[in-house]
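Since the structure comes first, as structure tokens, the remarks are kept for the end.
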Amino acid sequence: MKRLFILVPDLKETSDIAHELETQGVKESDIHVHAHIPQEVSAVNLHPANIFQLTNLGSAIKLGPILGLIFSAFILMFCSFVFGPTIQIHALGYFAILVFGVGFGIWSTGLIGLGVKNPVVEKYEGYVSDGHYLMMIDTADEREKEISSKIISAHPDTSLAVANDSVH
């Protein structure tokens, strides 16, 4: 999947583009709009961009289990180093340490991901603050060029912000 970022000057044109995309087979749930005032987007029955589109939360959470496994291994090595052969950990204990470590990894990377804005969104934040809109359209790789060219040709006031960003 690819994510197309389209810069649109006004809300009516944003709504028109979204409805045209739906008639071309793009699901409504794959179209999100970033606006300075998200309630405007909801008022015209479009999906405002959520935390997953605006930040790196999705990609950061994917690293959580890896970090958690490393953290769990660190806990086990620490216990065996400090307590040596005097401590015996049963299977349920290993499982509890593993679950705790993976949970900790997901939680910590999620917090980091919340603090990091999507680079494309951050780049065009000034454009959005001026009252314009940033559409995010998730599409299959093979339809990327088709959809972007249709939008640009039918709506000359729009422009393609970034074409080759993978969906996270």
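The sequence shown lines up with residues 129 to 296 when you count with our numbering.
Don't be surprised by glycine CBs; every beta carbon is placed ideally from N, CA and C.
Starting from His-160, follow its DSSP beta bridges and name the residues at the other end. Counted from its first residue, the sequence shown places residue 160 at position 32. His-160 is bridged to Met-264.
Which whole-angstrom value describes the C-beta separation of Ile-185 and Gly-233, a residue pair presumed to lie in contact below a C-beta threshold of 8 Å? Here residue 185 corresponds to residue number 57 of the sequence shown, with the count starting at 1. Here residue 233 corresponds to residue number 105 of the sequence shown, with the count starting at 1. As written in the sequence, residue 185 is Leu, which differs from the Ile given in the question. In fact, because the Cβ distance is near 14 Å, the residues do not count as touching under 8 Å.
Using only CA atoms, which one of Gly-243, Leu-288, Phe-228, His-260 lies nearest to Glu-272? Taking the first residue of the sequence shown as 1, we reach residue 272 at position 144. For the residues Gly-243, Leu-288, Phe-228, His-260, the minimum Cα distance to Glu-272 belongs to Leu-288.
Which residues in the same chain as Val-172 place their Cβ atom closer than 7 Å to its Cβ, once the five residues preceding and following it in sequence are excluded? In the sequence shown, counting from the first residue as 1, residue 172 sits at position 44. Taking C-beta separations shorter than 7 Å and ignoring five residues to either side along the sequence, the partners of Val-172 in its chain run Leu-139, Ser-143, following chain order.
Keeping to the same chain, check which residues put their C-beta closer than 6 Å to that of Glu-270; ignore five residues upstream and five downstream. Taking the first residue of the sequence shown as 1, we reach residue 270 at position 142. Closer than 6 Å at the Cβ level, and outside the excluded window around Glu-270, lies no residue.
Please tell me whether, using a cut-off of 7 Å, the distance from the CB of Ala-282 to the nearest non-hydrogen atom of the ligand MN is below it. As for the ligand MN, it is missing from this structure, which has no ligand bound.
Helix or strand or just coil, what does DSSP make of Pro-219? Looking up residue 219 in the sequence shown gives position 91. Rather than Pro, the amino acid found at residue 219 in this sequence is Ala. In this structure, Ala-219 counts as helix in the three-state DSSP scheme.
Cutoff 8 Å; reference Thr-286; Cβ partners in own chain excluding five residues on either side: Counting from 1 along the sequence shown, the entry for residue 286 is found at position 158. Residues of the same chain with a CB within less than 8 Å of the CB of Thr-286, apart from the 5 flanking positions on each side, are Ile-134, Leu-135, Val-136, Pro-137, Glu-141, Ile-145, Ile-279, Ile-280 in chain order.
Three-way DSSP call (helix, strand, coil) for His-147 in this model: Mapped onto the sequence shown, residue 147 falls at position 19. In the structure shown, His-147 sits in a helix (DSSP, three-state: H, G or I).
Excluding the 5 residues preceding and the 5 following Gln-216 in the sequence, name in chain order all residues of the same chain whose CB lies nearer than 7 Å to its CB. As a working mapping, residue 216 is identified with position 88 in the sequence shown. Closer than 7 Å at the Cβ level, and outside the excluded window around Gln-216, lies no residue.
Measure the CB-CB distance between Leu-174 and Ser-276 and report whether it falls below 8 Å. Indexing the sequence shown from 1 puts residue 174 at position 46. Indexing the sequence shown from 1 puts residue 276 at position 148. No. Outside cutoff.
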